[in-house]
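Below is one structure, written out as structure tokens, with a few remarks after it.
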Amino acid sequence: MDYKRTDEIIKRTKDMYESGKGALIQVKEIFSGIDVPFRPLDSFGLPKNMETYLDYMIERQRIFWDTRNQIPDDIIQSITVRYGIAEHSAFMGGDVTFSETTSWHHQHVKDYSDYTLAKVDESNIWRNLVIEGMKYMKSKVKDEFFIRFRGADGPLDVVNALRGNDIFYDFYDEEEGLLELTSKCTDAIIYMLKEQQKIVTEYKGYVISGFDVIMPKGYAGHLSVDATTMLSDEMFRKFEVPFLERIGDNFDGLFFHVHSVGHHVIPAVCEVDKIKFVEISNDPNAPRGIEVYKKYEKELSNKIVTVALTKEEIIDNLNFLRDKKVIVWYDASDVEDAKKAVDLVRSKLG
Numbered sequence: 004m005d006y007k008r009t010d011e012i013i014k015r016t017k018d019m020y021e022s023g024k025g026a027l028i029q030v031k032e033i034f035s036g037i038d039v040p041f042r043p044l045d046s047f048g049l050p051k052n053m054e055t056y057l058d059y060m061i062e063r064q065r066i067f068w069d070t071r072n073q074i075p076d077d078i079i080q081s082i083t084v085r086y087g088i089a090e091h092s093a094f095m096g097g098d099v100t101f102s103e104t105t106s107w108h109h110q111h112v113k114d115y116s117d118y119t120l121a122k123v124d125e126s127n128i129w130r131n132l133v134i135e136g137m138k139y140m141k142s143k144v145k146d147e148f149f150i151r152f153r154g155a156d157g158p159l160d161v162v163n164a165l166r167g168n169d170i171f172y173d174f175y176d177e178e179e180g181l182l183e184l185t186s187k188c189t190d191a192i193i194y195m196l197k198e199q200q201k202i203v204t205e206y207k208g209y210v211i212s213g214f215d216v217i218m219p220k221g222y223a224g225h226l227s228v229d230a231t232t233m234l235s236d237e238m239f240r241k242f243e244v245p246f247l248e249r250i251g252d253n254f255d256g257l258f259f260h261v262h263s264v265g266h267h268v269i270p271a272v273c274e275v276d277k278i279k280f281v282e283i284s285n286d287p288n289a290p291r292g293i294e295v296y297k298k299y300e301k302e303l304s305n306k307i308v309t310v311a312l313t314k315e316e317i318i319d320n321l322n323f324l325r326d327k328k329v330i331v332w333y334d335a336s337d338v339e340d341a342k343k344a345v346d347l348v349r350s351k352l353g
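Positions in the sequence shown are counted from 1; adding 3 to them yields my numbering.
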């Protein structure tokens, strides 16, 4: 761990958060110039062989950061577990399939009148892949990497994994069963985030979200709402927001991930006081995140907003961004392009 670099990042972050305006920049992708080994996810025999897989992940990150440390952006060198996406819901029960690069959770709850959920405790294999996996990584890397959150899906996204797309009928035909299952999933999400919170590295009053964003200690995240942003504003407020508020009640703050295609739910999201960070992802055939930010400028005024921008978007929106609290995500063609993007944000918005 380069503590001089880390301390500089913490200082910039603290200054921005406390001043109420400013910009940080995090380079999220570097498309060429850093070669790391690749082994297909489905070649490890998961969910067995956790340690073999995590050793591979650690070594990949060591190779990556040997070069990536040249970029003076606002990402602290950190690591966490990742098995695709199924770990966000499989702790509730059901089968998982792995592919070369991800995993998915098969429908588990076929009928609200007859289902069994796994107990999320130390005997649960998917709980352990995340929680014991994070502990294992922490013991292996010591102070070479910080440990960040893995994060969680929102309540209805977990239900969507358990019910499949039958959930979209349930809003009309099985409201009572849906709400009961969502409540159980909410309790499990709170449990998983609290277990992660015990493990993540706390440094000078800060922790790192699953998406690399630095948060004050006591915060948790990311909390991701994806499929269920297809709901209307009215249904989102009825079926999702009360459970988001319950999660928020257990933490000092939350980092929230939402897609631009579901931007109509942002006003409801912003009314949840404990959601302090909002990340707006870009989607195909949908407004760019920066346009969504502009549309909901008033609603987002008390949040720290994360938005992915191209270099042209940074330049075109300097006036809009100048008085905001914003974290710019940038995808670079190579290391030199990344350095130039950092210089641009620091000189114009920092």
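Here a beta-carbon is modelled for each residue, glycine too, at the ideal position from N, C-alpha and C.
Rank the options by C-alpha distance to the C-alpha of residue i and give the top, closest one.
| i | options | result |
| --- | --- | --- |
| glycine 157 | Arg8, Glu243, Glu11, Glu54 | Glu243 |
| methionine 95 | Ile66, Thr185, Thr70 | Thr185 |
| lysine 220 | Ser212, Leu226, Ser227 | Ser212 |
| lysine 143 | Tyr56, Val216, Val99, Glu103 | Tyr56 |
| glutamate 274 | Asp10, Asp215, Glu103, Lys306 | Lys306 |
| arginine 85 | Tyr333, Arg8, Asn131 | Asn131 |
| proline 40 | Phe67, Thr313, Ser126 | Phe67 |
| asparagine 163 | Leu234, Thr313, Ile317 | Leu234 |
| lysine 279 | Pro287, Gly256, Lys301 | Gly256 |
| serine 35 | Asp337, Ala344, Leu352 | Asp337 |
| arginine 153 | Glu179, Glu198, Gly180 | Glu198 |
| glutamine 64 | Thr189, Met195, Glu147, Gly224 | Glu147 |
| valine 99 | Asp124, Gly48, Ile134 | Gly48 |
| valine 310 | Glu300, Trp332, Glu302, Ile318 | Trp332 |
Would you mind giving the Cβ-Cβ distance between residue i and residue j, rounded to the nearest angstrom? I have them listed as a contact below 8 Å.
| i | j | result |
| --- | --- | --- |
| serine 81 | isoleucine 150 | 7 Å |
| phenylalanine 259 | valine 281 | 5 Å |
| isoleucine 37 | arginine 71 | 6 Å |
| aspartate 236 | valine 261 | Actually they do not touch by this definition, with Cβ atoms about 13 Å apart. |
| methionine 140 | isoleucine 61 | 7 Å |
Once DSSP output is grouped into helix, strand and coil, what is the label at residue i?
| i | result |
| --- | --- |
| lysine 279 | strand |
| alanine 289 | coil |
| proline 40 | coil |
| alanine 223 | strand |
| serine 81 | strand |
| glutamine 110 | coil |
| serine 304 | coil |
| leucine 132 | helix |
| glutamine 73 | coil |
| aspartate 229 | coil |
| isoleucine 33 | strand |
| threonine 100 | strand |
| serine 350 | helix |
| leucine 49 | coil |
| leucine 257 | strand |
| tyrosine 56 | helix |
Let me check one thing: in DSSP terms, what residues is residue i bridge-paired to?
| i | result |
| --- | --- |
| alanine 311 | Trp332 |
| alanine 26 | Val329 |
| alanine 155 | Leu226 |
| histidine 262 | Ser284 |
| proline 149 | Going by the sequence as given, residue 149 is phenylalanine instead of proline. Phenylalanine 149 is bridged to Ser81. |
Length at least 3, wholly inside the region 180 to 220: the beta strand (DSSP E) runs in chain order = Complete beta strand (DSSP E) runs here, min 3: 209 to 211, 217 to 219.
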